[in-house]
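Numbering (this note's numbering), first residue to last: 254 to 671.
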């Protein structure tokens, strides 16, 4: 039942913890009747701290055998700000005092619940530790001080803080003897016959991985102990590539670039050219590539080196699929050097791709019917020496070059005697 009540109070406090009207924690009890020194005074206070570490919901119960009470609260706290007041038989005085508003009870016990916020009472150091000090350093005319006082000692004083789950208590102390009892997310002080109480409580947001970022804000709750983290509790990633600096082999990757596990730009084909500029992203392993990730074509013939059987083709030369220059007539002399680009198939040719003329008579061997014509001899289209007088003796050997037609001649082309 108690745990259920505590849980309900926490939910209730979170719902109303940010109300605009805040109350400081100054409570003054004034007895309207003569007070005997043996009066019983029991004060039970529960502070339900809110998520911001400063706002709270206060549930206070006073039990005494007095006949009446004046319960003073901060002037900022209005009647409508109270969540709960018991008994319902009370009067609200918001005018008689310039400093406080007053709940006037006509019986010996009352219970109140209202929101507030610690302003001066709570400070936060540079390590994020919240420090609550209940006393502002002032002392009243009756010699009493602190936030809790009564015309006489408290017979029993109970003071409990209930912390949100994401907070942890570091330490606590009081200026009076009493018993401190921590339990789960609460810490309680129990004192008897005490007055002018002061409390100091230190707490902070839980930081399970000890990286200096509270669990609520920590997006990397399992950071390695001692590692540097950013405001989100994650190891820094200076270049924003998704790989933390500690593991980033390329810590200055341009924003937006795709990277691998080591934080370096991806190079899927391993050619040394990053994917985002690689125009040939599937280059085979080990091949030499240019700046755009494509295979090199050293002779610029349009056939990459790995497939080029003729890697030194002249620039602009026409080549076949293997990168070798074309030989259109198939004579073994490439077109760029072939002076006779239409040589018949099978014909023997010289270095310039032209058919051979062994006897130098101007008629290529493939058409020369007289392949051994003497040098300088005049020949016909078939490569044979001329016989102008038709006597059967070629001009180069004819001593009588004008023999009449039909005349019989000797070996020198001269007529025989009749």
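Ideal Cβ placement from N, Cα and C applies to all residues, glycine included.
Model, not experiment: these values are computed from the prediction.
request  = Report yes if the CB atom of residue 491 is closer than 8 angstroms to the CB atom of residue 407, and no otherwise.
outcome  = Going by C-beta atoms, residue 491 is not nearer than 8 angstroms to residue 407.
Candidates 314, 348, 397: closest to residue 361 by CA position = Distances from the alpha-carbon of residue 361 to those of 314, 348, 397 put 314 closest.
ask   = Looking at residue 387 and residue 374, is the spacing between their C-beta atoms short of 8 angstroms?
value = Yes.
query = Does the distance from the CB of residue 382 to the CB of residue 300 come in under 8 angstroms?
reply = Contact annotation: residue 382 and residue 300 have beta-carbon atoms that are not nearer than 8 angstroms.
message = Does residue 356 pass the burial test, meaning 16 or more other C-beta atoms within 10 Å, or should it be called exposed?
response = Around the beta carbon of residue 356, 16 or more other beta carbons sit within 10 angstroms, so the residue counts as buried.
ask   = Between 395, 399, 392, which lies nearest to residue 385 when the distance is taken from Cα to Cα?
value = When only C-alpha atoms are compared, the closest one is 399.
task = Kindly indicate the opening and closing residues of the beta strand (DSSP E) around residue 408.
result = Here the beta strand (DSSP E) through residue 408 covers 407 to 415.
query = Rounded C-beta distance between residue 489 and residue 498? I'm assuming under 8 angstroms.
reply = In this structure residue 489 touches residue 498 by the C-beta definition: roughly 5 angstroms separates them, less than 8 angstroms.
query = Exposed or buried, which one is residue 458 when buried takes at least 16 other CB atoms within 10 Å?
reply = Residue 458 should be labelled buried.
Alpha helix (DSSP H) segments (min. 4 residues) lying fully within the region 425 to 469 = Taking 4 residues as the minimum length, the region 425 to 469 contains no alpha helix (DSSP H) run wholly inside it.
ask   = Just to confirm, are residue 557 and residue 550 a CB contact at a threshold of 8 angstroms?
value = With contacts defined as CB atoms closer than 8 angstroms, residue 557 and residue 550 qualify as a contacting pair.
Among 336, 328, 330, the one whose alpha carbon lies nearest that of residue 312 = Of the candidates 336, 328, 330, the residue whose Cα lies closest to the Cα of residue 312 is 336.
message = So, at 7 angstroms on beta carbons, what are the nonlocal neighbours of residue 449 in its own chain, with the 5 sequence-adjacent residues on each side left out?
response = If we look at residue 449 and ignore the five residues flanking it on each side, its Cβ neighbours are 397, 398, 399, 402.
ask   = Short check: CB of residue 638 to CB of residue 623, under 8 angstroms?
value = Cβ atoms of residue 638 and residue 623: closer than 8 angstroms.
request  = Please name the residue, chosen from 470, 642, 526, that lies closest to residue 727 on a Cα-to-Cα basis.
outcome  = Residue coverage of the chain in this structure runs from 254 to 671, which leaves residue 727 outside it and unanswerable.
request  = Return the CA-CA distance between residue 670 and residue 659, expressed in angstroms with no decimal places.
outcome  = About 14 angstroms.
Residue 482 versus residue 332 - alpha carbon distance = When rounded, the distance between both Cα atoms is 47 angstroms.
Euclidean distance between Cα positions of residue 358 and residue 292 = Distance between the alpha carbons of residue 358 and residue 292: 17 angstroms.
inquiry  = Taking 6 angstroms as the limit between beta carbons, can you name the residues of its chain near residue 501, skipping five residues before and five after?
reply    = Closer than 6 angstroms at Cβ, skipping near neighbours: 516.
task = Count the C-beta pairs between the region 592 to 599 and the region 567 to 577 that are closer than 8 angstroms, then say yes if the count reaches three, no if not.
result = Between the region 592 to 599 and the region 567 to 577, the count of C-beta pairs closer than 8 angstroms stays below three; the two stretches do not touch.
task = Find out if the Cβ-Cβ distance for the pair residue 298, residue 330 is shorter than 8 angstroms.
result = Result no, Cβ atoms of residue 298 and residue 330 do not sit closer than 8 angstroms.
query = Can we count residue 619 as close to the ligand GDP, meaning its CB is less than 7 angstroms from some heavy atom?
reply = The model depicted lacks the ligand GDP and carries no ligand whatsoever.
key: Closest by C-alpha distance to residue 582, when choosing among 546, 599, 567   = Ranking the options by Cα distance to residue 582, first place goes to 599.
query = residue 339 lies in the beta strand (DSSP E); which residues open and close that run?
reply = 337 to 339 is the span of the beta strand (DSSP E), which, as asked, contains residue 339.
message = Let me confirm a value: residue 349 is counted as buried when at least 16 other C-beta atoms fall within 10 Å, else exposed. Which label applies?
response = Classification for residue 349: exposed.
message = So, under 8 angstroms CB-CB, residue 455 and residue 423 are touching, yes? Tell me the CB distance rounded to an integer number of Å.
response = Contact holds; Cβ gap of about 4 angstroms.
inquiry  = Let me make sure I understand the geometry here. Which of 560, 631, 420 has the alpha-carbon closest to that of residue 304?
reply    = For residue 304, the nearest C-alpha among the options comes from 420.
ask   = Which residues in the same chain as residue 512 place their Cβ atom closer than 8 angstroms to its Cβ, once the five residues preceding and following it in sequence are excluded?
value = Once the five neighbours on either side are set aside, the close Cβ partners of residue 512 are 494, 495, 496, 503, 506, 518, 519.
request  = Quick one: residues in its chain with C-beta nearer than 8 angstroms to the C-beta of residue 432, no 5 flanking neighbours on either side, listed in chain order?
outcome  = Cβ neighbours of residue 432 beyond the five flanking positions: 442, 443, 444.
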